[in-house]
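Worksheet for the structure shown next.
2 protein chains.
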Amino acid sequence: MAQVPPHSRIPLDLPLDHVGSDACSVDNPASGMIREILARVGDKWSMLVIGVLHDGPLRFTQLHRKVDGISQRMLTQTLRNLERDGLVQRTSYPEIPPRVEYAATPLGTSLSEPVIRLALWAAEHQGEILAAREAFDEAE
Amino acid sequence: MAQVPPHSRIPLDLPLDHVGSDACSVDNPASGMIREILARVGDKWSMLVIGVLHDGPLRFTQLHRKVDGISQRMLTQTLRNLERDGLVQRTSYPEIPPRVEYAATPLGTSLSEPVIRLALWAAEHQGEILAAREAFDEAE
DNA sequence: CGGAATCCCACCTGATACTG
DNA sequence: CAGTATCAGGTGGGATTCCG
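This is the structure:
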């Protein structure tokens, strides 16, 4: 299931030094950027919303159902942040009853790919993580 | 980068179902797992630690200096979590004065790659995000 | 239907002090 | 050096209620 998607054109010889060394070290101001992005993307819900919106626009209530466990408050807040960052576009139709659609922007869609990488990594290594966790918990 | 039409209903050859909740079972093991991974990866310090450890093992105080702004408490806690998940290996040398080394495991190193993709995405689109943010803030 | 406003608390986090 | 212990403040996020 971990096959590389056909339209993925990310070179696999990615330089891994970009986080740890001079190109982008933690002493470097660039790390602030990383931290900020991870904060945005890594919050409890943003990535899941981006994920479900990749398939197409959804209404508020549809999103509420699709993203399991999210509260109304958090969904609203998350959508606001994503909209603010240009990752999601909100379109309101002045009808009765009111209808509001949320769609991923091209920018938001482009974010899906790295997010999916992470998801794949998680899927691939979840067994190892769980095993390590059990071993650790049992050893103490 | 891979251009994807914003609202295309093209079937995803990427297993995006692991991100949302719909394609998973009711209990959503995959979604919960993703969420958990994102929680680990997205917390304030884990990735920075993984990042600096990518270059090689470091001692506690070295880490403390390299990861700017982290408190002793959070460094300890972060390292414990990473160790528990098998991402970091802790080695204690019974010497005087005591010496403890932290090294990224192969699993931890493999995590760097998707994270770096995220960082690269951030670097690439940071300008767009900031512009969108300014436009949004100004419009309200 | 799609929110906004309010209440409230668990937990995250930093600061400080102490220990083997 | 490499932590642990304790306290205190801020905040993330759920539950509930109300509104256009």
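So the protein lines, in turn, are chains A and B. Following the numbering used here, the numbering of the first sequence begins with 1 at its first residue and continues without gaps. Following the numbering used here, the numbering of the second sequence begins with 1 at its first residue and continues without gaps. We put the beta carbon where it would ideally sit given N, CA and C, even for glycine.
N-terminal and C-terminal residue of the alpha helix (DSSP H) that residue i is part of
i	result
Thr78(A)	72-84
Ala132(B)	106-139
Val145(B)	One cannot answer for residue 145(B) here, as it falls past the ends of chain B, which runs 1 to 140.
Leu63(A)	60-66
CB contact below 7 Å: residue i versus chain A
i	result
Gly127(B)	no
Pro29(B)	Its pLDDT being 45, under 50, Pro29(B) is placed unreliably by the model, and nothing is read from it.
Gly86(B)	yes
Arg42(B)	Strictly speaking, residue 42(B) in this sequence is Gly, with Arg absent from that position. Chain A, which has a Cβ nearer than 7 Å to the Cβ of Gly42(B), makes this yes.
Phe136(B)	yes
Leu63(B)	no
Residue i at chain B interface by Cβ criterion, 7 Å
i	result
Ala139(A)	no
Ser21(A)	Summary for Ser21(A): the model assigns pLDDT 35, below 50, so the residue's position carries little reliability, and this model does not support an answer.
Arg90(A)	no
Arg59(A)	no
Val26(A)	Caution is warranted here: a pLDDT of 39 is assigned to Val26(A), below 50, making its placement in the model unreliable, and the coordinate value is therefore given only provisionally. Yes, its Cβ sits closer than 7 Å to a Cβ of chain B.
For the region 71-84 of chain A, list every residue whose C-beta sits within 8 Å of some C-beta in chain B, in sequence order. Glu83, Arg84
Counting pairs of Cβ atoms below 8 Å between the region 57-73 of chain B and the region 96-103 of chain A, do you hit three or more? no
Residues in the region 95-107 of chain B with C-beta within 8 Å of chain A's C-beta atoms, listed in sequence order? Leu107
Segment contact, 8 Å Cβ cut-off, at least three pairs: the region 118-131 of chain B with the region 34-54 of chain A: yes
Stretch-stretch touch, CB-based, cutoff 8 Å, three pairs: the region 107-114 of chain A with the region 60-78 of chain B: no
Output needed in chain order: residues of the region 107-119 of chain B with a Cβ under 9 Å from some Cβ in chain A. Leu107, Thr109, Ser110, Leu111, Ser112, Glu113, Pro114, Val115, Ile116, Arg117, Leu118, Ala119
Using a Cβ distance threshold of 8 Å, determine whether the region 129-137 of chain B contacts the region 67-79 of chain B, with at least three qualifying pairs required. no
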